[in-house]
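**Q**
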Amino acid sequence: MPGSCSWHEKLNGAKEVAHSADTLVAMGRFRFSLERLLRLRTQQVHQAQSILQSLTASRLALEARLEQLRHEHETAQTQAAQPGTVLAQHFHDLWAYAQHLQQQLERQHHEHARLRQLEAAQQHHVREALKAKDVLERLREHRWEAFRRAEASQEQRLLDEVSQRRRQR
């Protein structure tokens with residue numbers, strides 16, 4: 186009889202449709218082969234940023250200490266320069282204290298310059314770590330888009346195939 190199919194043909198057609206549907210569901214999962222490297226780069230960025238924050242905090246604390254030393258030094262010099270009856274020993278003590286503060290200021294300035302250099306180097310390190318991470322993230326996005334297009338194409342082919350089989354019956 187034309188136009189009718191046996192139950193056997195219907196069963197086979199149903200199996201093909203079910204197989205195609207299973208294929209659609211289980212097509213594939215996206216896996217980025219460099220995921221571990223991306224996580225490592227992310228961790229390196231966080232670590233570099235943490236070190237930079239620590240260096241910045243140290244520099245800011247040192248700047249506060251420098252300001253305090255400058256103030257103490259100016260106060261000592263002002264007291265030593267005040268006219269009046271100042272005992273020689275007191276004048277000598279103030280002068281020695283001012284000299285001590287001056288030496289501390291110089292050491293702190295050297296330390297400040299060293300911290301600034303370390304901070305600049307760490308900022309460069311953070312930028313480089315971010316660049317490396319960004320490259321991997323862009324590669325991941327590119328591969329994800331390619332995977333998504335391939336999946337959509339495969340899904341469309343399977344749907345077309347199922348549709349074609351139904352028309353042939």
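FYI, in the numbering used here the residues of the sequence shown are 186 to 354.
Beta carbons: idealized from backbone N, C-alpha and C, even for Gly.
Computed from a predicted structure; not experimentally measured.
Looking only at C-alpha atoms, which of R352, A305, Y282 and F276 sits nearest to H256?
**A** Looking up residue 256 in the sequence shown gives position 71. For the residues R352, A305, Y282 and F276, the minimum Cα distance to H256 belongs to Y282.
**Q** Check whether the stretch 224–235 touches the stretch 317–333, taking contact to mean three or more Cβ pairs, one atom from each stretch, closer than 8 angstroms.
**A** Enough Cβ pairs lie closer than 8 angstroms, so yes.
**Q** Could you say if the stretch 293–310 and the stretch 231–244 meet the contact criterion of at least three C-beta pairs nearer than 8 angstroms?
**A** Touching, yes, given that three or more Cβ pairs across the two stretches are closer than 8 angstroms.
**Q** Between L254 and L279, how many whole angstroms is the CB-CB distance? I'm expecting something under 8 angstroms.
**A** Counting from one through the sequence shown, the residue named residue 254 turns up at place 69. Counting from one through the sequence shown, the residue named residue 279 turns up at place 94. Not quite, the Cβ-Cβ distance comes to about 16 angstroms (not below 8 angstroms), so this is no contact.
**Q** In this structure, does DSSP put Q267 in helix, strand or coil?
**A** Counted from its first residue, the sequence shown places residue 267 at position 82. Coil, per DSSP.
**Q** Go ahead and label L321 buried or exposed: buried means 16 or more other beta carbons lie within 10 angstroms of its beta carbon, across all protein chains shown.
**A** Here residue 321 is taken as the residue at index 136 of the sequence shown, counted from 1. Its Cβ being crowded by 16 or more others within 10 Å, L321 is buried.
**Q** Are the stretch 340–351 and the stretch 261–277 in contact at 8 angstroms, needing three or more beta carbon pairs?
**A** Output reads no: the stretch 261–277 does not touch the stretch 340–351.
**Q** Could you check where the alpha helix (DSSP H) with S348 kicks off and where it finishes?
**A** Your numbering for residue 348 matches position 163 in the sequence shown. Its alpha helix (DSSP H) spans residues A273 to Q353.
**Q** Quick one: grab the DSSP three-state call for S218.
**A** Position 33 of the sequence shown, counting from 1, holds the residue named residue 218. Reduced to three states, the DSSP call for S218 is coil.
**Q** Are E296 and L247 closer than 8 angstroms when you measure CB to CB?
**A** Here residue 296 refers to the residue found at position 111 when the sequence shown is read from its first residue. Here residue 247 refers to the residue found at position 62 when the sequence shown is read from its first residue. Yes, Cβ-Cβ distance for E296 and L247 is below 8 angstroms.
**Q** Would you call A331 buried or exposed, if buried means 16 or more other Cβ atoms sit within 10 Å of its Cβ?
**A** Within the sequence shown, the letter at position 146 stands for residue 331. The residue is exposed, with fewer than 16 neighbouring Cβ atoms inside 10 Å.
**Q** For Q289, tell me which candidate among W329, L251, A233 and R333 has the shortest Cα-Cα distance.
**A** Indexing the sequence shown from 1 puts residue 289 at position 104. The residue with the shortest Cα to Cα distance from Q289 is L251.
**Q** Excluding the 5 residues flanking Q293 on each side, which residues of the same chain have their C-beta closer than 7 angstroms to its C-beta?
**A** Position 108 of the sequence shown, counted from the first residue, corresponds to residue 293. Excluding sequence neighbours, Q293 sits near L247, R250, L251 and L254.
**Q** Starting from the N-terminal side, write out each stretch of the alpha helix (DSSP H) that is 4 residues or longer and does not extend beyond the stretch 227–271.
**A** Whole alpha helix (DSSP H) segments, 4+ residues: zero.
**Q** Measuring CA to CA, which of R299, E336, R352 and Q353 is closest to R244?
**A** Position 59 of the sequence shown holds residue 244. The candidate whose alpha carbon is nearest that of R244 is R299.
**Q** For A273, count neighbouring Cβ atoms within 10 angstroms of its own Cβ and tell me buried if that reaches 16, exposed if not.
**A** Residue 273 sits at position 88 when you count from the first residue of the sequence shown. That one is exposed.
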